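Just so you know, we're using the UniProt record's numbering here: the sequence shown kicks off at 2 and counts up by one.
Ideal Cβ positions, reconstructed from N, Cα and C, are used throughout, including at glycine.
Only a predicted model underlies this, so the values are computations on that prediction, with no experimental measurement involved.
Heads up: the structure comes next, in C-alpha cells.
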Amino acid sequence: STKERTFIAVKPDGVMRGLVGTIIARFEQRGFKLVALKLVHAEPAFLEKHYADLKGKPFFPGLIKYMSSGPIAAMVWEGLDAVKTGRAMLGATNPLASAPGTIRGDFALVVGRNICHGSDAVESAEKEIKLWFPEGVVQYTHALTEWVNE
Ligand code: DAT
Ligand code: MG
C-alpha cells in the first residue's frame with residue numbers, strides 16, 4: 002500500500018562519513034515521504050533489542066559495539082511497497098555483493114561497515130518503528146503525493 006512504512010537508519014559510519022543527506026535524498030527522490038527523523042546515540046542495551054534476532058551470532062558483539070560507536074540517523078519512510086523497495090535501495094547486506102546503484106553498492110565495501118539499515122519485512126518494520134519512535138510518527142500531507150502515486 003502507499004501507506005506502507007519502513008524503518009531506515011544511517012549507521013554511525015554513514016553519519017561520520019557525511020552520508021546522511023545523500024541517503025535521505027535517495028528516498029526523497031524516489032518518491033517516499035519522510036514521516037519521522039532523529040539523530041540518536043543508542044545504548045548497547047537498546048541496540049540488543051533492535052537486533053534481538055541476531056543474538057548468538059558470532060558477529061553480534063562487534064555489531065553492537067559498531068552500532069553504539071556514534072550517532073545513528075533514524076527515520077521512517079512511507080510509500081508504495083516501502084519495505085521491499087527500501088531494502089532494494091540499500092543493496093545486499095554484504096556491500097561486495099550489493100549492485101552498483103544501491104546505497105551499499107555505491108558507498109561501502111565491508112559487511113561490518115555497511116552504513117545503513119532497513120527493515121526486512123512489514124512486521125519487523127512495525128516493531129522497529131515502535132522501538133525507535135515510541136512517540137509516533139508525524140502525520141502530514143506531502144505536496145508530491147498525488148504526483149508520485151496514481
Ligand atoms: P541487514 O542489515 O541487511 O538486514 P542482517 O539483519 O542479517 O542484515 O544483519 C544485521 C547487520 O549485522 C548487518 O547489516 C551487518 C551485520 N552482519 C550481518 N552478517 C554479518 C556477518 N556475517 N559478519 C559481520 N557482520 C554481519
Ligand atoms: Mg536485518
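Residue burial is scored here from C-beta neighbours: Asp54 has fewer than 16 other C-beta atoms within 10 angstroms and is therefore classed as exposed.
Cβ-Cβ separation between Ile116 and Gly15: approximately 4 angstroms, consistent with a contact (criterion under 8 angstroms).
The C-alpha of Thr103 is placed about 16 angstroms away from the C-alpha of Gly32. With 16 or more neighbouring CB atoms inside 10 Å of its own CB, Phe8 falls in the buried class. In the three-state DSSP reduction, Gly102 falls in the coil class, being neither helix nor strand.
A heavy atom of the ligand DAT is found nearer than 7 angstroms to the CB of Thr94. In this structure the region 45-62 does not touch the region 82-90; the number of beta carbon pairs closer than 8 angstroms is below three. Under DSSP, Glu79 forms a beta bridge with Arg6, Lys34.
Secondary structure note for His51: its alpha helix (DSSP H) is the uninterrupted segment 45-51. Take Val21, set aside five residues on each side of it, and the residues of its chain with a beta-carbon closer than 6 angstroms to its own are Val11, Ala74, in chain order.
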